[in-house]
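Each residue of the sequence shown is one higher than the one before, starting from 1 at the first, in the UniProt record's numbering.
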Amino acid sequence: MHIIARRAATGIGSPVLTSLCTSRLTGTRRLYTMADSDHTVFNKPKVELHVHLDGAIRVQTILDVAKRRGITLPTDTEEELTQKIALEKPSTLTAFLEKFNEYMHVVAGDREAIKRIAYEFVEDKAKEGVIYVEVRYSPHFLANTQVEPIPWNQTEGNLSPDEVVHLVNEGLSEGERAFNIKARSILCCMRHMPSWSMDVVELCKKYRHEGVVAIDLAGDESLNCLANPGHRRAYEEAERCGIHRTVHAGEVGPASVVKEAVEVLKAERIGHGYRTLEDEGLYRKLLAQNMHFEVCPVSSKLTGACDPDFTKHPIITFMKDKANYSLNTDDPLILNSNLHLDYSTVHRYMGFTEEEFKRLNICSAESCFLPDEEKKELLDRLYEAYGMMTSTAF
Ligand SMILES: O=c1[nH]cnc2c1ncn2[C@@H]1O[C@H](CO)[C@@H](O)[C@H]1O
């Protein structure tokens, strides 16, 4: 019996010895080290599947862009702006989503800013030890022409949703080359804007060979529960064309939204999905189908999606049932968080072990939207980094 020797994969296994974290109390940045309790609780390569690009912008970048564009913000210090944007206490999804109003007008419509945000995002993920990420955003929210209504009170300019996707693709691929990780994107339809959804699926089709891997439906599920026919048509077209599909469902909305996502929108993954557990039959069915849940522990507390007592969290049920799920940040800017905080939270309050972290990252890789060959490469990198190399008998 020989173990097939494989070259150590480059770019992985380099432990993230330190990570930049922001103190939740003061909003000031400080450097966490290995000595800091469990902040590097799973110091191994990771996969992240649910994170919003526009919820993951660096505060300093917002300040820089505002200064360059002559946009006045309520403050010009990183600490104060962090405090203004961040949600500190458990709230509601509606209040959480309103936080985007604090800064989206600064970056929307600005080519340089959009490309920079995408590039810096890849750098931040690489620092967290992520080797593959799928990042999502609404191209319409960053545009200032060919979008009705023009968002964030912008005056009409000449940046279309189509060009936004092109710019994000450029920023992500430059980031991939610079930081040696893989980044793909998911384009979001917004629950309150069904008239944008056909454009979104057309953009997914146009850019499917330039890094766009799927369509999503995001926004306020508490206000718009049932998917509008506009969304349904877009998802039908996505399925017809082989575009992968994920849907925010069962985050704050009832289990029926999850059922609709799977049965009507033909979702292959569910964003959040905590409230699936309220319908035992549906939950068992989705477990049997190996449905992937993109769970976001820190987010679920601050959006009011789940009981703030982490020891009662639905993720514990997913873990105990060996469900197929990933651990994700969702919106680290607004949550004033990073991926280490999500990992340390489930470790500290939910009893997650190293073995479970490995298992869930392998589930994440298996459920990612890469083509089969690239998925296999990603899985091999994880198996190798986790000391789970397959052996071959001769
Ligand atoms: O947790 C969430 N649930 C639902 N929608 C969200 C969440 N986080 C962000 N967005 C929405 O998705 C848009 C595109 O990235 C964001 O602008 C925000 O409106």
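Where a beta carbon is used, it is the ideal one built from N, C-alpha and C, also for glycine.
CB contact below 7 Å: residue i versus chain B
| i | result |
| --- | --- |
| I334 | The displayed structure is made up of one protein chain only, and chain B is not part of it. |
Local Cβ density within 10 Å of residue i, reported as buried at 16 or more and exposed below that
| i | result |
| --- | --- |
| Y32 | In this prediction, Y32 has a pLDDT of 36, which is less than 50 and means its spatial position is unreliable; what the coordinates show is noted afterwards. Counting Cβ neighbours within 10 Å, Y32 comes out buried, since at least 16 surround it. |
| A178 | exposed |
| I275 | Sequence check: residue 275 is Arg here, not Ile. That one is buried. |
| R30 | A caution first: R30 carries a pLDDT of 34, below 50, which makes its placement in the model unreliable, though a value can still be read off. When all chains shown are included, R30 counts as exposed. |
| P371 | exposed |
| E221 | buried |
| H192 | exposed |
| D76 | exposed |
| I12 | Unreliable placement is indicated for I12, whose pLDDT of 30 sits below 50; no coordinate value is reported for it. |
| D309 | exposed |
| A95 | exposed |
| H272 | buried |
| T155 | exposed |
| P139 | buried |
| M388 | exposed |
| N328 | buried |
For residue i, the nearest candidate out of the options (CA to CA)
| i | options | result |
| --- | --- | --- |
| L49 | K285, R245, G351 | R245 |
| L93 | A249, N180, E120, E356 | A249 |
| G304 | A323, V59, N328, E88 | E88 |
| P161 | E148, R68, N224 | E148 |
| D54 | T77, E98, D76 | E98 |
| V133 | Y383, G387, A385, S367 | S367 |
| Q289 | E278, S91, A323, G273 | A323 |
| E251 | V264, L223, L265 | L223 |
| R68 | E102, E80, A113 | A113 |
| V298 | R284, L360, H313 | H313 |
| E377 | E174, A143, I131, K320 | I131 |
| K206 | A227, G171, V165 | V165 |
| P229 | A261, C241, G242 | A261 |
| A126 | G70, E156, K44, M198 | K44 |
| I57 | P74, L81, T40, M389 | L81 |
| Y349 | K320, T311, Y386 | T311 |
| L333 | E79, L265, F293, F318 | E79 |
| L226 | D199, E239, K259 | K259 |
The alpha helix (DSSP H) enclosing residue i, as first and last residue numbers
| i | result |
| --- | --- |
| I270 | Run containing I270: none in the alpha helix (DSSP H); it sits in the beta strand (DSSP E), 269 to 272. |
| N361 | 354 to 366 |
| L81 | 78 to 85 |
| V201 | 197 to 206 |
First through last residue of the beta strand (DSSP E) which encompasses residue i
| i | result |
| --- | --- |
| K259 | Note, K259: premise wrong, no beta strand (DSSP E); alpha helix (DSSP H) at 255 to 263. |
| R136 | 130 to 137 |
| T246 | 244 to 249 |
| residue 408 | Only positions 1 to 394 of the chain appear in this structure, which leaves residue 408 out of reach. |
| H50 | 46 to 52 |
| L172 | Here L172 belongs to no beta strand (DSSP E); instead the alpha helix (DSSP H) covers 161 to 179. |
| V295 | 292 to 295 |
| S326 | 324 to 327 |
Supposed close pair residue i, residue j - CB separation, criterion 8 Å
| i | j | result |
| --- | --- | --- |
| I186 | V201 | Incorrect: roughly 12 Å between the Cβ atoms, too far for contact. |
| Y343 | F42 | 5 Å |
| E102 | L339 | Actually they do not touch by this definition, with Cβ atoms about 23 Å apart. |
| G211 | N180 | The pair is not a contact, with the Cβ atoms about 16 Å apart (cut-off 8 Å). |
| Y386 | L360 | In fact, because the Cβ distance is near 12 Å, the residues do not count as touching under 8 Å. |
| D331 | H52 | 5 Å |
| M291 | I270 | 6 Å |
Review point. Three or more C-beta pairs closer than 8 Å, one from the stretch 352 to 360 and one from the stretch 117 to 130: is that the case here?
Key: no
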